[in-house]
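Step one of this worksheet: look at the structure below.
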Ligand SMILES: Cc1ncc(C[n+]2csc(CCOP(=O)(O)OP(=O)(O)O)c2C)c(N)n1
Ligand SMILES: Cc1ncc(C[n+]2csc(CCOP(=O)(O)OP(=O)(O)O)c2C)c(N)n1
Ligand SMILES: [Mg+2]
Ligand SMILES: [Mg+2]
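Chains as they are written, first to last, in the numbering used here: chain A, 42 to 370; chain B, 42 to 370; chain C, 32 to 356; chain D, 32 to 356.
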């Protein structure tokens, strides 16, 4: 609505766009870098799912914490890790956010609350619950967010983690990114009931909502409520986000067989960035030119990040076994 | 009803009584033997919960299989293991059903479908599902039963196991023995939703009913339906049996603090054996004298079993490492 | 003889056994229509369908426990972990159930289950996809552990795994998967517990397992130019471990190096060293040496990754040092 | 000096640290009001309440993973497994997360977590309640592993565990729990990686850990009557392992036996043997010997159970054989 178009009213809405575009451009460039052989290890992109990390992290403070998965670039960026640090990490450089130790699936930036992405399905849920336990024990009002895919929902970690968070009223937000597939195993084949929010309410008596994961405003709103609930001591929530990844499970993987071209095309129509752009313009929060400028800016930022990463040094082999134990131990 | 009092009509109903009494007497004698130092290891009795194993196993064939828990004496007996073999096992004798290798928590009689009791919470559920997978794969009409306590419901094995059984339509009957406590942790503290059947329907779309676990006829009826469902290829079921153990978690353990004398007294009033006895007499299926005779018979059988166990030899120490691998391997 | 890849050889073993034994089924993520992340089951789904090629949710503990129950009741499950790292969530089912049930039941229940997956460091897979773990399964009683280093062994050992009645860890190093080698068309199987002397020599013995076998062979070919004549043994299975072949070799050479990519502490090298100490002490002309990967989680960056695995230079140095002792 | 039990000593360490460090909390089944199956937390719930003494559902994987997240964010969790066997369901969280996160985060995240539980064979606990498993955690990088053999060490090592920033396995042998011993009232802590020479001698060295330490001491007292003068070393922590003390002793005695109740293959004895081989070969007057429990699941029956653990007679024979070599 036009009368929302004040600096303070529009800027947070435009910022959502800015972040989604930044994630998209970074992912596209990382995919290219992977094709060029600049990313030595695996690379799972977040293309198509940007609204979720963006909408959730928009509600977080720097001292709130996030635990993420193998598909974690978007969460890292949305939590504030720079594209430089992400790109350098994927290229295995000393300037990466994990100093080259981690790669795509192990991004760490604890200074700003990115407590790690995990190559194993499940642990983000438990560690997220654990951070919530810490905050409650220590009397802090920080909150904890655990991201995970539909693939985690059948895993024991999901059930053990949500149950503990529920019975102990922990300040945790569980964010399920249901993109309908775990690699090529469809969620409908992995379980008979795909309404995760309904299950969580019925089994754990936890606040749980289902949202369109491609609608950044819907995600942001659900997360706002969940964060408020957690921060005020009213316990955990689950946000069940329906979404779709429009690239293969990982770069370089064949993507056929398990999903149809029609399905993919239909979801591409529902691109979260395009949808938010249209809304911003229609509601008068930004002009097409504003958005083009944002895209240009993102392109510049990401180009710089890739260049930074390429020109950064590899870590010193002599440090390969450093940091296994804490200093002085 | 009196007109049910034909030999064929009454006998199965009386048999339920016979089995429950046999379990009770065996447990009482094992508890005594434990106090006397004749049972060298731990001993978890089934006193108060006899109706469940009895009602379920009354529907099973010898080639159907059962997977059980640390509290497995009742399941073993109901599946047809002799009191001699159980008592001897608890005394660590060569004549025990596990030849002295197992003890109270590891009873095996695969010849008659007792596929093992487990000292670890969880595996019975997964192995039960696996036997169902086998039967389906091999085209057999056998069914599989997994017993477990309320303590297993929060464990990941429960969720992973039930989900697999549901999505693959396995011929399995999951029997939850909800005696309200896992050692001294109350089920109400372990989870916010204690209606297990409701949870299982909502999360796994599995047939699930809640029954009075102290009512042997109710259990038998629920199991009859579940077994028929499994045997005819219509998939798994869960039976959520509410019950109570009237002895300590394990023999020799202190039993105070976590439950009140009133609660215990109230449940003792609901003794499954007394209730069934009253019903049998009232419905005209047996006379008080009939039941007394059955008790006397059980006492004789169990006394014989204890005597047999006491006088049996310990296993030969030279066999301590036999059977780790299959023969010839 | 025809040459096929390691993966093809193992797949052939699986396909042949699935054709003759309808009780075999495979579980894993993406092992159905997709044919496996590492092509372990390619083409089999079309033949045998979903009951025998079972795509699963991500429930490693769950499906291992399920397979235990299936193995106990007449089936012969093959668990395809893809990366063996994912086995860790199922350790309770493995160490407390699968390895113990034959024993507990006094041999009345069998446990014919094959647990397979890719091991090892390579390709910047990083620390959640680079584990090996075999010493854990050698330490715990009740497992057979096979680590074939070439296509011929891969097929022959998997055949034995699929026809025996014991739990078998079948571990395929990711850098070996695409290596080609001769594999006869005729039926064969390789017994467990029989090491292969893959190179004869008299100056020293090197026990090299999994990916280290071809690496050590390459180095020894180089060393031969300097008239160093090294015997190389691939144990092929770590449980049972064929100590007789190793001891015989040490009796001849007097010197022993154990080369193993994974960790040293409480590893395979330690066990072999201790056994040779106990049974072949007098044969030793020099202390037994171990060459292992650095004792650290696996870093991602190629510059760090290559620093923690024993490369050819490290192997050469270890052998030269041993001979010089 | 006052004498208290092993359990009391460890509980004192926990109570003292909980009093000064509000970030410590304990999770486990029955560790709240009940005070722990082994009285590990007796009396603490009354003082500190449920947030710090947290009774849990039976979710070993879950609460270990939860404690990892808590340790990463400023808390200091103590996981009380009761029987250490229950740790197996959490191996994924331990081996892939807890042991790796300090490394992965380049030391920016700490992992101060204590994992405690009862180990060992005894009392017909049978095969699901008799495991030890410590070689697994020595093999995998990233853990500290303590196996105190007496009350003094139990308190001192737990203090160090509770003030350090690394994951520590604190393993209490069930047959030691009620043993009494001197424990000073004054504050103290024992550093990790420092073995104790618990008996001096010159004829041979025996490394004896956990329950084997008191057993070996008893046997050596007997052997002293025959003028056999045995040095006994308790490593106290297995990771880090104080090889310097062992090597020094072997330098003096020339003979070494490692006595360990748990399994031989890829065990602690293998590692010590291999290291002495590498660093102390010339000191050896006889092959290093290992004495271990039989490599089998633990049977229930006392007649079988006692056949698989090294008893005093077996210890005596092993030492006599070693000295006679
Ligand atoms: C415990 C475990 N098992 C298997 C894998 C291999 N794996 C990596 S990603 C993936 C699929 C994950 O699906 P989902 O959770 O839906 O996340 P998405 O990739 O769809 O974002 C699998 C099976 C793993 N990482 N961890
Ligand atoms: C994985 C695991 N953790 C802990 C234990 C210790 N333990 C033995 S019985 C028990 C309680 C089980 O409760 P429930 O499942 O309700 O069965 P019940 O004893 O009430 O019949 C516990 C915690 C165990 N056996 N296995
Ligand atoms: Mg998904
Ligand atoms: Mg219970």
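Idealized CB from N, CA, C, for every residue including glycine.
Query raised in the report: Listed from N- to C-terminal order along the chain, which residues in the region 58-82 of chain C have their beta-carbon within a distance smaller than 7 Å of any beta-carbon of chain A?
Result: For the region 58-82 of chain C, which is checked against every Cβ of chain A, the residues closer than 7 Å are 60, 61, 64, 65.
**Report entry** Bridge-paired residues (DSSP) for residue 297/C
**Finding:** According to DSSP, residue pairing for residue 297/C in a beta bridge does not occur.
**Report entry** Burial state of residue 251/A, where buried means 16 or more other Cβ atoms lie within 10 Å
**Finding:** Label assigned to residue 251/A: buried.
Query raised in the report: Is the beta carbon of residue 281/B within less than 7 Å of some heavy atom of ligand 4?
Result: Outside the cutoff, so no.
Query - Cβ-based neighbour list, residue 356/A, same chain, cut-off 7 Å, excluding 5 preceding and 5 following - result: The answer, listed in chain order, is 135, 140, 141.
Requested in this report: For residue 42/B, count neighbouring C-beta atoms within 10 Å of its own C-beta (all shown protein chains included) and say buried if the count is 16 or more, exposed if not.
Outcome: Low confidence applies to residue 42/B: its pLDDT is 36, below 50, so where it sits in the model is not reliable enough to give any reading.
Requested in this report: Using the Cα positions of residue 212/C and residue 48/C, report the straight-line distance between them to the nearest angstrom.
Outcome: Whole-angstrom Cα-Cα distance: 21 Å.
Requested in this report: For residue 195/A, return the contacting residues in chain C, with the cut-off set at a CB-CB distance below 9 Å.
Outcome: Neighbours of residue 195/A on chain C, chain order: 87, 88, 89, 90, 93.
Query - Per-residue contacts from residue 156/A into chain D (C-beta, under 8 Å) - result: Simply 100, 103, 104, 140.
Query - residue 88/C versus 65/A, 75/A, 190/A, residue with shortest Cα-Cα distance - result: Nearest C-alpha to residue 88/C: 190/A.
Requested in this report: Could I get the ranges of all uninterrupted beta strand (DSSP E) runs contained in the region 197-282 of chain C, with 3 residues as the minimum, in chain order?
Outcome: Runs of beta strand (DSSP E) with 3 or more residues, each lying fully within the region 197-282 of chain C, are found at 199-204, 211-213, 227-230, 235-239, 261-265, 268-270, listed in chain order.
Report task. May I ask you to report which of helix, strand or coil DSSP gives residue 144/D? Result -> If DSSP states are grouped into helix, strand and coil, residue 144/D belongs with coil.
Requested in this report: Decide if residue 247/C is buried, meaning its Cβ has at least 16 other Cβ atoms within 10 Å, or exposed.
Outcome: By the beta-carbon neighbour count (other beta carbons within 10 angstroms, threshold 16), residue 247/C is buried.
Query raised in the report: chain D partners of residue 142/A, CB-CB under 9 Å?
Result: For residue 142/A, the residues of chain D that pass the 9 Å Cβ criterion are 134, 135, 136, 137, in the order they occur in the chain.
Query raised in the report: Can you tell me where the beta strand (DSSP E) with residue 343/C in it begins and where it stops?
Result: That residue, residue 343/C, is in no beta strand (DSSP E); its alpha helix (DSSP H) goes 343-355.
Query raised in the report: When we look at the beta-carbon of residue 241/A and count the other beta-carbons within 10 Å, is it buried (16 or more) or exposed?
Result: Flag for residue 241/A reads buried.
**Report entry** Through-space distance from residue 116/A to residue 110/A, alpha-carbon basis
**Finding:** In this structure, the alpha-carbon of residue 110/A lies about 9 Å from that of residue 116/A.
Query - CB contact below 8 Å: residue 226/B versus chain D - result: For residue 226/B, the answer is yes, since a Cβ of chain D falls inside 8 Å of its Cβ.
Query - Per-residue contacts from residue 121/C into chain A (C-beta, under 9 Å) - result: Residues of chain A passing the Cβ test: none, with the nearest at roughly 10 Å.
Requested in this report: Taking only the alpha-carbon atoms, compute the straight-line gap between residue 365/A and residue 125/B and give it to the nearest angstrom.
Outcome: Their Cα atoms are separated by approximately 55 Å.
Query raised in the report: When the cut-off is 8 Å and only beta carbons count, does residue 204/B lie next to chain A?
Result: The beta carbon of residue 204/B falls within 8 Å of a beta carbon belonging to chain A, placing the residue at that interface.
Report task. Kindly list the residues whose CB is nearer than 6 Å to the CB of residue 125/C, restricted to its own chain and excluding five residues on each side of it in sequence; keep chain order. Result -> Excluding sequence positions up to five before and after residue 125/C, its CB lies less than 6 Å from no other CB in the same chain.
**Report entry** DSSP beta-bridge partners of residue 84/D
**Finding:** Residue 84/D is bridged to 57/D.
Requested in this report: Count the other CB atoms, across all protein chains shown, that sit within 10 Å of the CB of residue 359/A; report buried if there are 16 or more and exposed otherwise.
Outcome: The residue in question, residue 359/A, is exposed, as its Cβ has fewer than 16 Cβ neighbours within 10 Å.
Query raised in the report: Is residue 231/B near ligand 4, judged by its Cβ being under 7 Å from some heavy atom?
Result: Not one heavy atom of ligand 4 lies closer than 7 Å to the C-beta of residue 231/B.
Query raised in the report: Which partner residues of residue 334/D appear in the DSSP bridge assignment?
Result: Answer is none; residue 334/D lacks a bridge partner.
Query raised in the report: Any Cβ of chain A within less than 8 Å of the Cβ of residue 251/B?
Result: By this cut-off, residue 251/B is not an interface position.
Report task. Indicate whether at least one CB of chain D lies closer than 8 Å to the CB of residue 215/B. Result -> Chain D has no Cβ within less than 8 Å of the Cβ of residue 215/B.
Report task. Using the beta-carbon of each residue, find all residues closer than 6 Å to any heavy atom of ligand 6 and list them in chain order. Result -> No copy of ligand 6 appears in this structure; the ligands present are ligand 1, ligand 2, ligand 3 and ligand 4.
Query raised in the report: Taking Cβ-Cβ distances shorter than 8 Å, what residues in chain B pair up with residue 124/C?
Result: Neighbours of residue 124/C in chain B, taken as residues at a C-beta separation under 8 Å, are given in chain order as 164, 167.
Query raised in the report: In chain D, what lies closer than 9 Å to residue 106/A by C-beta?
Result: By Cβ distance, chain D contributes 100, 103, 104.
Query - Cβ-Cβ separation, residue 271/D to residue 328/C (assumed contact under 8 Å), whole Å - result: Taking 8 Å as the upper bound for CB-CB distance, residue 328/C and residue 271/D are not in contact here, some 17 Å apart.
Report task. Answer with yes or no whether the minimum CB distance from residue 351/A to chain C is below 8 Å. Result -> Put simply, the CB of residue 351/A is far from chain C, with every gap to its CB atoms at 8 Å or more.
Query - Neighbourhood of residue 332/B by C-beta distance below 6 Å, restricted to the same chain and skipping five residues each side - result: Within the same chain, residue 332/B has close Cβ partners 318.
**Report entry** For residue 184/A and residue 97/A, believed in contact at Cβ under 8 Å, the rounded distance
**Finding:** Approximately 11 Å separates the beta-carbon atoms of residue 97/A and residue 184/A; this is outside 8 Å, ruling out the contact.
Query raised in the report: Beta-carbon of residue 96/D versus every beta-carbon of chain A: anything under 8 Å?
Result: Contact of residue 96/D with chain A is assigned, a C-beta pair being separated by under 8 Å.
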